[in-house]
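To start, the structure under review is shown below, and the notes come after it.
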Amino acid sequence: MRDRITAFLVLLPSLAAVAIFVYGFIGQNLWVSLTDWGKNPAQALALRPELHFVGLENYLELFTGFVDVRFRQSVVNLIFFTLFFMGGSLGLGLLLAMALDRGPKGEGFFRTVFLFPMALSFVVTGTIWRWLLQPQGGVNVLPTLFGLPPFHFPWLTTRQQTWVFDWNQLPFYTALAVGLTLLYVAWKAHREGERKRLFWSLLSSGVLLVWAFTLGRTTHLLPYPEPHGFSLALVGVILAAVWQMSGYTMALYLAGLRGIPVEVLEAAKVDGASEWQTYRHVILPLLAPITLSAMIVLGHIALKIFDLIFAMAGLDYAPTDVPAIYMYLLAFRGNQFAKGAAIGILLLLLVALVVIPYLVSQLRKEVRR
Amino acid sequence: MGRFFLHAFLLLATLFFLLPVYLVILTALKEPAKITLDTVWHWPEPVYWESFHIAWEAFRPKFQNSVVLALSATALSALVGALNGYVLAKWPFRGSNLLFALMLFGMFIPYQSILIPLFQFVKAIGLYGTLWGLILVHVVYGIPIVTLIFKNYYSEIPDELVEAARIDGAGFFGIFRHVILPLSAPAFVVVAIWQFTQIWNEFLFAVTLTRPESQPITVALAQLAGGEAVKWNLPMAGAILAALPTLLVYIFLGRYFLRGLLAGSVKG
Chain L
1 MRDRITAFLV LLPSLAAVAI FVYGFIGQNL WVSLTDWGKN PAQALALRPE LHFVGLENYL
61 ELFTGFVDVR FRQSVVNLIF FTLFFMGGSL GLGLLLAMAL DRGPKGEGFF RTVFLFPMAL
121 SFVVTGTIWR WLLQPQGGVN VLPTLFGLPP FHFPWLTTRQ QTWVFDWNQL PFYTALAVGL
181 TLLYVAWKAH REGERKRLFW SLLSSGVLLV WAFTLGRTTH LLPYPEPHGF SLALVGVILA
241 AVWQMSGYTM ALYLAGLRGI PVEVLEAAKV DGASEWQTYR HVILPLLAPI TLSAMIVLGH
301 IALKIFDLIF AMAGLDYAPT DVPAIYMYLL AFRGNQFAKG AAIGILLLLL VALVVIPYLV
361 SQLRKEVRR
Chain C
370 MGRFFLHAFL LLATLFFLLP VYLVILTALK EPAKITLDTV WHWPEPVYWE SFHIAWEAFR
430 PKFQNSVVLA LSATALSALV GALNGYVLAK WPFRGSNLLF ALMLFGMFIP YQSILIPLFQ
490 FVKAIGLYGT LWGLILVHVV YGIPIVTLIF KNYYSEIPDE LVEAARIDGA GFFGIFRHVI
550 LPLSAPAFVV VAIWQFTQIW NEFLFAVTLT RPESQPITVA LAQLAGGEAV KWNLPMAGAI
610 LAALPTLLVY IFLGRYFLRG LLAGSVKG
């Protein structure tokens, strides 16, 4: 009995620390995000600032306020960064793993080379790529070594945007995207004969799509059009991030490929499947769980990306802005603590959206086992 | 034909991964006056080692901060993790699984969501701008991952070993000291490597909670490279210095490095 109490007492400091530093701080941050801390410059840096409850005002301002246009562009940037970073790292990682799976000479060497950027910090990677992506140097003059004309893409310094859309159409596009995703879920449920899932996904998809095409088109967040788009300055950031992380997806995929039983591949061969068909119908489906885990990890990294952009473009450069950068800028340079806290909460919600379904599915799998 | 494409692809990929490294070394070895954009890829003539000397002089205090920070935070958090893992794996009590799950949640949060209260807290207890504040923060937010690794590892140790020691009259710490600890080396290696690389490379906490005299090298490097007037040989030499410790760990302990990577890949 005495030992059991000792055991509990040993664990207690850690429990208390997590309770305060994780749960307590999230609660406090939520509270701060609902106050006016930072609105009054005299109060901003006071030791015991006088805070007033303002409800969701900070959140509303971020999405619809005149001054926070930078936040909205940072959200758009984050979406594009996440998509391309995930796609790039998964694609390149898979290709590298497939190449290494064929057992080329010097496999160990290649593996080490592809994986080493993982050991670097995002700050080091960012510093390196900032230099590589100088508009008149680095990557752009590389072709001249072979007598070719240099590239002229201005990388980080461009302010150009493509795929520009009006922020007011965001509710419409969001409803459309989620509705179509749910429609796909419904289709899969139909094929797997899961009636309950089919019903609910079909219903919610229908509601969303109907809303999107009726009210959604006329719902305006702002009284004026506000263009946002894919900021091309992010291309360089994405390149650097893929350089750093694709070795990691390669390691995951390679482990997965090596884990596929030889009999399965033999069977496919006996059935007369071509190499392409084997990949398409046998190997890739078997790698799907790995893709999902990798997507979670990469998505998690992407949503809170901060150091890479800090090192590549600094805090004050709007074209490469993401919410984590804007949050830091607001809170620790502008003393707008309440609004910064609101962005922190939004990031937490985003990450929860990605991680919680994954954890639940993992848990279910373990229970089934 | 297939072999040809395979090797061509591998060669291209190798260039993609190694050309940046080549350029970093090249630039670090150039005389500042000779760094011009159109000759970036030319080998330095003559090789200029001075950059490393200057960078080392400039970065030495920060490098030392990083060493103290990473080593002490790693040691502390490995100790905490071993004890936590031991309790959770071998002395479970009612509700301990739930508490463990609640603890793991701390791994997944984006630290932006606690940064402002954390900043206030560290300031309030008088540790703002000190290395100790940063060490404390790293140990605390490392608890979930290190506990997870040690708990998983200790779950593999048969309970009979613990039982036998108990019958022989050993207590909680006696069993830990004489039965568990001697078997723990692999877990300690994985945790130490994981925490060391994480803490050495960390930036967000460091930039928020330190003053210039307590900055680790990541913050100093980001600020040096951010200044426009600076010549690029220094940031490049600095980047090499900042990368060297974790790179050495990767090269010499790569196997364990990968294991930690796969174990703790969803850490915040």
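If you're matching them up, the sequences are chains L and C in order. Residues in the first sequence are numbered from 1 upward in steps of one, following the working numbering. Residues in the second sequence are numbered from 370 upward in steps of one, following the working numbering. Built from N, CA and C at the ideal position, the CB exists for glycine as well.
Per DSSP, which residues does residue 161 of chain L bridge with? Please list them.
L/231
Residues of the stretch 576-607 of chain C in Cβ contact with chain L at a cutoff of 9 Å, in chain order, please.
576, 577, 586, 587, 588, 590, 591, 593, 594, 595, 601, 604, 605, 607
Use the C-beta contact count for residue 296 of chain L: other C-beta atoms within 10 angstroms, 16 or more gives buried, fewer gives exposed.
buried
Any beta carbon of chain C sitting closer than 8 Å to that of residue 74 of chain L?
no
So, helix, strand or coil for residue 407 of chain C, using DSSP?
helix
Excluding the 5 residues flanking residue 96 of chain L on each side, which residues of the same chain have their C-beta closer than 6 Å to its C-beta?
Excluding positions up to five away in sequence, the list reads 114, 250.
For residue 577 of chain C, does the three-state DSSP call read helix, strand or coil?
helix
Taking the alpha-carbon positions, what's the residue 245 of chain L to residue 611 of chain C distance?
19 Å
Residues of chain L with CB under 8 Å from residue 475 of chain C, in chain order?
18, 21, 22
Just to check my reading of the structure: residue 128 of chain L and residue 389 of chain C have Cβ atoms closer than 8 Å, yes? What is that Cβ distance to the nearest angstrom?
5 Å
Got a sec: is the Cβ-Cβ distance from residue 494 of chain C to anything in chain L below 8 Å?
Taking Cβ atoms only, chain L never reaches closer than 8 Å to residue 494 of chain C, which makes this a no.
Of the residues that make up the stretch 399-426 of chain C, which ones have a beta carbon closer than 7 Å to any beta carbon in chain D?
Absence of chain D from the displayed structure is noted, the protein chains being L and C.
Within its chain, find whatever has a CB closer than 8 Å to the CB of residue 139 of chain L; leave out the 5 residues flanking it on each side and keep chain order.
132, 133, 151, 155
Whole-angstrom C-beta distance between residue 312 of chain L and residue 130 of chain L, which should lie under 8 Å
5 Å
Can you check which of these residues, L/236, L/221, L/175, L/231, is closest to residue 213 of chain L by C-alpha distance?
L/175
Step through the CB atoms of chain C and report whether any lies within less than 8 Å of the CB of residue 153 of chain L.
no
Buried versus exposed, by CB contacts within 10 Å (16 or more), residue 248 of chain L:
buried
Between residue 553 of chain C and chain L, is any beta-carbon pair separated by less than 8 Å?
no
Cα-Cα, which of L/192, L/120, L/137 is closest to residue 607 of chain C?
L/120
Do you know how far the Cα of residue 291 of chain L is from the Cα of residue 276 of chain L?
19 Å
Looking at the unbroken alpha helix (DSSP H) that takes in residue 486 of chain C, where does it start and where does it end?
If you look at residue 486 of chain C, you'll find it in the alpha helix (DSSP H) that goes 484-493.
8 Å Cβ cutoff, residue 134 of chain L in contact with chain C
yes
Rounded to the nearest angstrom, what separates residue 159 of chain L and residue 594 of chain C at their Cα positions?
21 Å
Whole angstroms is fine: what's the gap from residue 516 of chain C's alpha carbon to residue 17 of chain L's?
13 Å
Could you name the residues of the stretch 254-272 of chain L whose beta carbon sits closer than 9 Å to any beta carbon of chain C, in the order they occur along the chain?
255
Helix, strand or coil: how does DSSP classify residue 385 of chain C here?
Three-state result, residue 385 of chain C: helix.
May I ask you to list the residues that DSSP assigns as paired with residue 53 of chain L?
L/35
Taking only runs that begin and end inside the stretch 145-199 of chain L, name each unbroken alpha helix (DSSP H) of 4 or more residues, in chain order.
If we require 4 residues or more, the alpha helix (DSSP H) runs fully inside the stretch 145-199 of chain L come out as 170-192.
If the cut is a Cβ gap below 7 Å, which residues of chain C does residue 311 of chain L touch?
591, 594
Which word fits residue 68 of chain L, buried or exposed, when buried means at least 16 other C-beta atoms lie within 10 angstroms of its C-beta?
buried
At a Cβ threshold of 8 Å, is residue 6 of chain L touching chain C?
yes
Name the residue from L/135, L/221, L/201, L/224 whose alpha carbon lies nearest to the alpha carbon of residue 236 of chain L.
Among L/135, L/221, L/201, L/224, the Cα nearest to that of residue 236 of chain L is on L/135.
Measure the Cβ-Cβ separation of residue 406 of chain C and residue 137 of chain L and say whether it is below 8 Å.
yes
Just the Cα atoms here: how many angstroms apart are residue 81 of chain L and residue 582 of chain C?
34 Å
List the residues of chain L whose Cβ lies closer than 8 Å to the Cβ of residue 536 of chain C, in chain order.
Those within 8 Å of residue 536 of chain C in chain L number zero; the least Cβ separation is about 13 Å.
Return helix, strand or coil for residue 120 of chain L, following the three-state DSSP convention.
coil
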